[in-house]
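Chains as they are written, first to last, in UniProt numbering: chain A, 1 to 475; chain B, 1 to 233.
For glycine and all other residues, C-beta sits at the position ideal for the given N, C-alpha and C.
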Amino acid sequence: MSPGTLARLAMAGNRTDAARVTLTALSAALATLAGLAALTVLAIEKPPGDAWQHSEQYVNGLLREPGLRGGTAFALVLLTIPVLALAGQSARLGAPARDRRLAALRLAGATPGQVTRIAMLETGLASLAGALTGLAAYLVGRNLLHRPDANGQLALPTDVLPWMPAMAAVVLGLPLVAAVATSVMLRRVTTTPLGVFRRAGRTGSPRPWPGLLIGLGVLAAAMVEPIQWALKGARVDWLGIVILIGIFAAVMGVILGTGWISYLAGRVLHRHAPSPAALLAARRLTDDPWASSRTFAALLAAVIIGAGATAFRASFLLMAQIEREESRAAGYGDDAGPLNSFYLTTMDLVDLAVAVALTIAAAGLLVTLVEGIVSRRRGYAVLVANGVPRATIGASILWQVLAPVVPAVLVALGVGYTIGRLFSGGTGRDGRTPGVPVEQLALLGAGAVVAVLITVGLGVLFLRGNTAVEELRAT
Amino acid sequence: MTKLEARGLVKSYGPTPALRDVTLDIDEGEIVAVTGPSGCGKSTLLHCLAGILRPDAGEVSWRGHRIDTWSEAARSRLRRTEFGVLFQFGQLVAELTAAENVALPLLLAGTGRRAARAAACDWLERLGVAEYADVRPGEMSGGQQQRCATARALVTEPRVLFADEPTGALDTVTGEQVLTQLVRLARQQRTAVVLITHEPRIAAYADREIVLRDGAIDHTGLGLDAPLSGGAR
């Protein structure tokens, strides 16, 4: 098959396919922007002098201080997680129609390899278009935002350009990774002329073993201080490695543990289901508990980071308070010191990043919800024809989402806060410990659940169209 | 006694007319087959009679009350309590067991779970699939699934059952078995049946046959030819 034919077949499809391609491209564009932004931060040259020498051309301390730039770049790379999760969820959009199209290609004589290449090319081309759009937005934005203020300082590092091969690696690597990921996802899929068959994935009831991963994360956080003292002056940054392993283990533990929470919630709901809607939701939860893990992964990761940030903020606030008290006692007034106000401003940026991550995660959830409704539309239409109120179906979707997400968010808040508290040291200079920021944690948890509720509300709007009588005629 | 009446039904999909001035009555316990070539408006007529679709013109009345003017919620309630609807396939909720699927209309009507399950199991037994009560639709054959769907349509003991090509996805023998049971049970509880089909053999189960052509009634007649298996009447 010629590359032209391959590309033509890869870009064929209906409106849902177009929506999937658009969302994939959009995700790729956002991920490219985040990647290029991280590279730009890393490209800022350290000014000559000692380690404390700042890059005075920038307004923001995160860019000015060489020691903080690595963390800023890391945070930008972390932002790509919900974006890539959105891309993964978008890949499921219109899957039944795509399956039929691929089966039709097999019926017309395409080999299994050719069908896989078509699917890979679809994702790869969409991602390439998105990555190039992201690159264009980066270059245009760089020029538009290069406006030094009255002091000649810049808000963003628009005066530096990353190393070209690194930029090329981001722009070209992303579509390549997306295409390879598609191929990996198709490993369990067999496309035959009669249809697409998926080999069973994980079967059996989930077990609470992800709790061990959470325990590992907490243990790593608890080890930070001893390691810091024991390995002072070591050539390898063991502390950084332990912190990374700890965060990764805790996040994966909560995400995978959501499968178990989901299964448990389904069983409890089934036993005490107060309504048909709850019964429907309970069966779906026990049938595919891992769906919740996949769906809420980005949301839960954002909640963990956000909860950890509240622990750091509480610690900084306590330090600021102690400094103020010491300042007052020494007769210098109420000055909390520039260091803490800088850290608190940094925490505001972290909160902003968490809010952005929650929004992107909610967008991914919306895609999954709509896809779930679309793929079940015939069954839903039959239920409505039989007199089942649409409100019952909507309520079943709400139960299905809320039953696992509420306990999972609570676990994420607890884990994130515990780890943040351990990482931040936990005690002030005079032995005082910061209080648990219940209000902020509640706000974060409520924010996540409200984002989910809004998403469900938007998703349920699609119910009416997808339970129309026309669906009864579709075969 | 006339139960379900349609007067001058007209329905179009954009510029394409689907029903043109259709008038008919269906009596209590009567089994009516609506036949005709593909695209003649059979399913549209069923959807209008069952209150799933509103006609563009004309009236649909149930026990003397016009239902085509009712709100969607009221028509849904009617379908849940007095009507039953049976389709060709894809009717059962994949995640629920057969018993839960059959119990669903009762649960929606407020029946307790235990009582709903007992009634569901009873209906599954009447249809000869009691051993599949705790099995999901995906693990059942097409015929077994259709029996479950029939049980679900009849579990509320509806006064009218609307069946749109109920055996269309089944082989001849299984289709006849399902239809024989459906007709027997409908007659036992004096449920009227509106049976959409394009097969004369299936139409022969009915008391009366209405033949549609191009959205209008071409002619009506008696379901004269007894089915091969016979035992439905």
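**Backbone secondary structure at residue 52 of chain B - three-state DSSP** = By one-based count along the second sequence, residue 52 of chain B stands at place 52. The answer is coil: DSSP assigns residue 52 of chain B none of H, G, I, E or B.
* Cross-strand partners of residue 11 of chain B (DSSP beta bridge) -> In the second sequence, residue 11 of chain B corresponds to position 11, counting from 1. Beta-bridge analysis with DSSP links residue 11 of chain B to B/19.
Review point. Cα separation between residue 215 of chain B and residue 377 of chain A?
Key: Taking the second sequence and counting its residues from 1, one reaches residue 215 of chain B at position 215. Taking the first sequence and counting its residues from 1, one reaches residue 377 of chain A at position 377. Approximately 27 angstroms between the Cα atoms of the pair.
* In chain A, which residues lie with their C-beta within 8 angstroms of the C-beta of residue 182 of chain B? -> Looking up residue 182 of chain B in the second sequence gives position 182. Chain A residues near residue 182 of chain B: none, gap ~16 angstroms exceeds 8 angstroms.
(request) Would you mind telling me which residues of chain A sit closer than 8 angstroms to residue 126 of chain B, beta carbon to beta carbon, in chain order? (result) On the second sequence, residue 126 of chain B is found 126 positions in, with the first residue counted as 1. Per Cβ cutoff of 8 angstroms: no residues; residue 126 of chain B is ~19 angstroms from chain A at best.
Residue-chain proximity (residue 165 of chain A, chain B), Cβ-Cβ < 9 angstroms
Locating residue 165 of chain A in the first sequence gives position 165, where the first residue counts as 1. Output row for residue 165 of chain A: interface = no.
Got a sec: is the Cβ-Cβ distance from residue 287 of chain A to anything in chain B below 9 angstroms? Within the first sequence, residue 287 of chain A is the residue found at index 287, counting from 1. At least one chain B Cβ lies under 9 angstroms of residue 287 of chain A.
*In angstroms, rounded to a whole number, what distance separates the CA positions of residue 90 of chain A and residue 203 of chain B?*
Here the question's residue 90 of chain A lines up with position 90 in the first sequence. Here the question's residue 203 of chain B lines up with position 203 in the second sequence. Spanning the two alpha carbons is a distance of roughly 47 angstroms.
Following the continuous alpha helix (DSSP H) through residue 123 of chain B, name the residue where it begins and the one where it ends.
In the second sequence, the residue the question calls residue 123 of chain B occupies position 123. For residue 123 of chain B, the enclosing alpha helix (DSSP H) begins and ends at 113–126.
- Residues that residue 91 of chain B contacts on chain A, provided the C-beta gap is smaller than 7 angstroms: To locate residue 91 of chain B, count along the second sequence from 1; it is residue 91. Neighbours of residue 91 of chain B on chain A, chain order: 382.
Can you list the residues of chain B that residue 366 of chain A reaches, using a CB-CB cut of under 8 angstroms?
-> By one-based count along the first sequence, residue 366 of chain A stands at place 366. Within 8 angstroms Cβ-Cβ: nothing; residue 366 of chain A doesn't reach chain B, min ~22 angstroms.
**Report entry** Run of the alpha helix (DSSP H) containing residue 100 of chain B, from where it starts to where it stops
**Finding:** The residue you call residue 100 of chain B lines up with position 100 of the second sequence. Here the alpha helix (DSSP H) through residue 100 of chain B covers 98–108.
| said: Nearest by alpha-carbon distance to residue 41 of chain A: which of A/62, A/28 and A/24 is it? | reply: Here residue 41 of chain A refers to the residue found at position 41 of the first sequence. Among A/62, A/28 and A/24, the Cα nearest to that of residue 41 of chain A is on A/62.
Looking only at C-alpha atoms, which of B/194, B/183 and B/169 sits nearest to residue 163 of chain B?
Locating residue 163 of chain B in the second sequence gives position 163, where the first residue counts as 1. The residue with the shortest Cα to Cα distance from residue 163 of chain B is B/194.
#### Entry: Below-9 angstroms beta-carbon distance, residue 154 of chain B vs any chain A residue
Residue numbering aside, residue 154 of chain B sits at position 154 when the second sequence is read from its first letter. With 9 angstroms as the cut-off, residue 154 of chain B does not count as an interface residue toward chain A.
Expressed to the nearest angstrom, what Euclidean distance is found between the alpha-carbon atoms of residue 9 of chain B and residue 380 of chain A? Residue mapping note: residue 9 of chain B aligns to position 9 of the second sequence, counting from 1. Residue mapping note: residue 380 of chain A aligns to position 380 of the first sequence, counting from 1. The straight-line gap from Cα to Cα measures roughly 27 angstroms.
Counting only C-beta atoms, is residue 142 of chain B closer than 9 angstroms to chain A at any point?
For the purposes of this step, residue 142 of chain B is identified with residue 142 of the second sequence, where counting begins at 1. No, because no Cβ of chain A sits closer than 9 angstroms to the Cβ of residue 142 of chain B.
Please give the ranges of any beta strand (DSSP E) in the stretch 104–132 of chain A, keeping only runs that are unbroken, at least 3 residues long and fully inside the region. Qualifying beta strand (DSSP E) stretches: none in this window.
- Query: Could you check where the beta strand (DSSP E) with residue 401 of chain A kicks off and where it finishes?
  - Reply: Indexing the first sequence from 1 puts residue 401 of chain A at position 401. Taken as a continuous stretch (DSSP letters only), residue 401 of chain A belongs to no beta strand (DSSP E), being part of the alpha helix (DSSP H) at 390–423.
Under the rule that 16 or more other beta-carbon atoms within 10 Å means buried, what is residue 246 of chain A, buried or exposed?
Indexing the first sequence from 1 puts residue 246 of chain A at position 246. When all chains shown are included, residue 246 of chain A counts as buried.
### Message
Assess contact between the stretch 411–418 of chain A and the stretch 215–226 of chain A, defined as three or more Cβ pairs (one per stretch) separated by less than 8 angstroms. Is contact present?
### Response
yes
Note to self: Using 8 angstroms for Cβ pairs, my map puts residue 192 of chain B next to residue 28 of chain B. What's the rounded Cβ distance?
What the structure shows: By 1-based counting over the second sequence, the position of residue 192 of chain B is 192. By 1-based counting over the second sequence, the position of residue 28 of chain B is 28. Indeed they touch by this definition, with Cβ atoms about 6 angstroms apart.
task: Report yes if the CB atom of residue 117 of chain B is closer than 9 angstroms to the CB atom of residue 99 of chain B, and no otherwise.
output: Translated into the one-based positions of the second sequence, residue 117 of chain B becomes position 117. Translated into the one-based positions of the second sequence, residue 99 of chain B becomes position 99. Yes; because the gap between Cβ atoms is below 9 angstroms, this pair is in contact.
Assess, as a yes-or-no matter, whether the stretch 386–403 of chain A is touched by the stretch 280–294 of chain A under the definition of 3 or more beta carbon pairs within less than 8 angstroms.
yes
Worksheet item: Taking Cβ-Cβ distances shorter than 8 angstroms, what residues in chain A pair up with residue 79 of chain B?
Response: Indexing the second sequence from 1 puts residue 79 of chain B at position 79. Chain A residues near residue 79 of chain B: 385, 386 and 387.
Residues in its own chain within less than 6 angstroms of residue 66 of chain B by CB, not counting five upstream and five downstream?
-> If you number the second sequence from 1, residue 66 of chain B lands on position 66. Excluding positions up to five away in sequence, the list reads 59.
Exercise for review: Could you tell me which chain B residues have their CB closer than 9 angstroms to the CB of residue 402 of chain A, listed as they occur along the chain?
Suggested key: Here the question's residue 402 of chain A lines up with position 402 in the first sequence. Chain B residues near residue 402 of chain A: none, gap ~17 angstroms exceeds 9 angstroms.
I need the boundaries of the beta strand (DSSP E) containing residue 164 of chain B, first residue and last residue.
Counting from 1 along the second sequence, the entry for residue 164 of chain B is found at position 164. Unbroken beta strand (DSSP E) run through residue 164 of chain B: 160–164.
Exercise for the section: Ignore the nearest five residues each way along the sequence and tell me which others in residue 38 of chain A's own chain have a CB closer than 7 angstroms to its CB. Expected result: Looking up residue 38 of chain A in the first sequence gives position 38. Within the same chain, residue 38 of chain A has close Cβ partners 73, 76 and 77.
Q. At which residues does the beta strand (DSSP E) containing residue 57 of chain B begin and terminate?
A. Numbered from 1 along the second sequence, position 57 holds the residue referred to as residue 57 of chain B. Start and end: 57–62.
### Minimum C-alpha distance to residue 18 of chain A - residue among A/138, A/437 and A/126
As a position in the first sequence, residue 18 of chain A is number 18, starting the count at 1. It is A/126.
| Are there 16 or more other CB atoms within 10 angstroms of the CB of residue 36 of chain A, so buried, or fewer, so exposed? | Here the question's residue 36 of chain A lines up with position 36 in the first sequence. Buried, by the Cβ-count rule.
Practice prompt. Give the interface partners of residue 38 of chain B over in chain A, defined as CB-CB distance under 9 angstroms, in chain order.
Written response: Taking the second sequence and counting its residues from 1, the one referred to as residue 38 of chain B is at position 38. Near residue 38 of chain B there are no residues of chain A at all, since even the closest Cβ is about 11 angstroms away, more than 9 angstroms.
Inset, instruction - Can you say whether residue 150 of chain B is buried or exposed, counting buried as having 16 or more other CB atoms within 10 angstroms of its CB? - result: Your numbering for residue 150 of chain B matches position 150 in the second sequence. Buried, because 16 or more other Cβ atoms sit within 10 Å of the Cβ of residue 150 of chain B.
Q. Helix, strand or coil: how does DSSP classify residue 332 of chain A here?
A. As a first step, residue 332 of chain A is located in the first sequence; it is residue number 332 there, counting from the start. Coil at residue 332 of chain A, not helix or strand.
- Message: Please report the distance separating the alpha-carbon of residue 255 of chain A from that of residue 441 of chain A.
- Response: Here the question's residue 255 of chain A lines up with position 255 in the first sequence. Here the question's residue 441 of chain A lines up with position 441 in the first sequence. Rounded to the nearest angstrom, the two C-alpha atoms are 19 angstroms apart.
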